[in-house]
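Participant: Count along the sequence shown from 1, add 92, and you get the number used in my numbering.
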Amino acid sequence: MSTLEQDAAMQLEALQRAGDPMFAFPCIPAYQHRRSRRMGEHFLMCFQPRRIFFGVDRGDPGGERIREDIYARVEDWDAVPPHPQLVDLAYGDPTMREWRQYALPDQNTRLLEQCPLHTNGKVPR
């Protein structure tokens, strides 16, 4: 990934509003099985303050239990289980790029290995 692409990804990950870092993700009608990512017939960009994720890391006291509760709720709502590649990711891990969570596949197919955001206009296959 080029420096420009890394900078763009970092900017997207660190999207801020009034100094409050946000996690952004789309909710789109194309989702049929991930109902947690579909909120009607319109394209929505959802923003969650990152502070709501504090204490959810596996190393935090109770963090694993909180993660298990979150995944149980997703399983109750969605028609597919949480994506298996995301279950192993940890917020705050410097090797984890959150772009993998921005647009999950509707089924639990393998996630892309590279960020789909590229400055040369070419989409990785």
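Backbone N, C-alpha and C fix where the C-beta goes; we use that ideal spot for every residue, glycine too.
All of these numbers come straight from a predicted model, not from anything done at the bench.
Quick check on the DSSP output: the alpha helix (DSSP H) that includes M164 runs from which residue to which?
Facilitator: Met is not the amino acid found at residue 164; the sequence shown has Ala there. Note, A164: alpha helix (DSSP H), G155 to W169.
Participant: R127 and D168: beta carbons closer than 7 Å?
Facilitator: In this structure, D168 does not lie closer than 7 Å to R127 by Cβ.
Participant: Might you give, ordered along the chain, the residues of its own chain that have their beta carbon closer than 8 Å to the beta carbon of N200, omitting 5 neighbours on each side?
Facilitator: Around N200: V172, P173, H175 and P176.
Participant: Measure the Cβ-Cβ separation of E133 and P118 and say whether it is below 7 Å.
Facilitator: No, they are not a contact pair.
Participant: Are the CB atoms of R150 and E156 within a distance shorter than 7 Å?
Facilitator: A contact, by the Cβ cut-off of 7 Å.
Participant: Out of curiosity, what's the CA-to-CA distance linking R88 and L204?
Facilitator: No answer is possible for residue 88: it lies beyond the span of the chain, which begins at 93 and ends at 217.
Participant: Can you name, in chain order, every residue of its own chain whose Cβ lies under 6 Å from the Cβ of Y163, other than the five neighbours on each side?
Facilitator: So the qualifying residues of the chain are P174.
Participant: In this structure, how does DSSP classify L178 when only helix, strand and coil are distinguished?
Facilitator: The answer is helix: DSSP assigns L178 an H, G or I state.
Participant: With DSSP collapsed to three states, give me the class of F117.
Facilitator: DSSP places F117 in strand when its eight states are reduced to three.
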